[in-house]
Amino acid sequence: MRLSKLQTIALLVGLLMLAGGGWQLWRAATARPPAPPALPLSPIPAPRVFPAPQAPTINGLEFHCDREKRRVYAVKTDSGELAWESYGESGWLVPGAAFMLDVSPEGELWVLNPGRWRLEQLDPATGEYIASWQSREPMPGCCNPVRFAALSGGRFLTMEKGRRQARLYAPSGDVLNVLVANLSASEHNYVLIHHEDTVYMSDLQPLNGRVRQWELSVHD
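FYI, the numbering used here numbers position 189 of the sequence shown as 656, with every residue one higher than the one before it.
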């Protein structure tokens with residue numbers, strides 16, 4: 468059966484509409500789910516004097532980041548002698564001032580590699596590279612996160628510029644919670660200190676001079 472010109476046009480339009488509907492259904496099925504809604508931490512009364520930052524230690528070794536030389540190193544606590552130094556899997560890329568490390572409650576040593584948007588795990592005894600972790604959702608900007616803490620169960624707490632949020636992540640890289648949804652614009656206003664079983668965070672709001680502070684247990 469031959470179709471008229473009008474019937475052919477109508478058939479083509481119908482096929483295009485059907486294909487467009489299928490494309491929308493495919494996009495909906497494969498789209499990444501949105502980040503969980505913000506469930507903010509309740510700020511604690513400020514100003515509060517936080518514990519002073521201390522270099523973490525494991526089995527007689529104390530760990531440090533050296534931004535100028537782009538290295539991580541360990542010294543023996545009893546003598547100050549250099550035990551090892553590490554330049555990461557493929558170099559520490561530190562475009563800004565953010566370069567830090569942390570030890571999880573399970574004794575894992577993690578180092579921030581902000582220019583590569585990830586954390587790297589090192590062997591505390593030797594400094595050898597073990598693994599890396601990063602968010603499933605790409606982080607914005609040149610270098611993120613700018614602050615982090617290694618929590619229990621392989622979770623990570625981050626402070627991120629660009630999106631200006633403090634987030635809690637699963638070991639898989641999925642977002643578990645947005646803890647603070649409205650940090651100030653500059654990373655230089657962020658403070659994160661992991662002391663014993665508590666993580667302390669603060670953020671200076673430059674427009675009003677107010678400092679917001681939060682506390683979170685590493686086991687929460």
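Built from N, CA and C at the ideal position, the CB exists for glycine as well.
The criterion of a C-beta distance shorter than 7 Å is satisfied by R631 and L650.
N526 carries a coil assignment under DSSP once its states are collapsed to helix, strand and coil. In the three-state reduction of the DSSP assignment, E654 falls in the helix class. The Cβ atoms of E654 and Y667 lie no closer than 7 Å to each other. Note: F623 is bridge-paired with A617 and Y636 in the DSSP secondary-structure output.
With a cutoff of 7 Å on beta-carbon distance, S599 and E587 are scored as near each other. The bridge partners DSSP lists for M606 come to none. H661 sits buried, since 16 or more C-beta atoms from the chains shown fall within 10 Å of its C-beta. Residue pairing by DSSP places R585 opposite N580 in a beta bridge. Residue environment for S557: exposed (fewer than 16 other C-beta atoms within 10 angstroms of its C-beta). Listed in chain order, the non-local C-beta contacts of N611 below 7 Å within the same chain comprise P581, W584, E627, K628 and G629, local neighbours out to five positions each way being set aside. The three-state secondary structure of H531, taken from DSSP, is strand. DSSP, reduced to helix, strand and coil, places Y554 outside both helices and strands of the structure shown, so it counts as coil.
DSSP, reduced to helix, strand and coil, places W681 within a strand of the structure shown. A straight line joining the alpha-carbon of E595 with that of A541 spans about 12 Å. If you draw a straight line from the Cα of A519 to the Cα of G563, it comes to about 22 Å.
Looking at the DSSP output, A598 bridges to Q588. Collapsing the DSSP output to three states places D670 in a strand.
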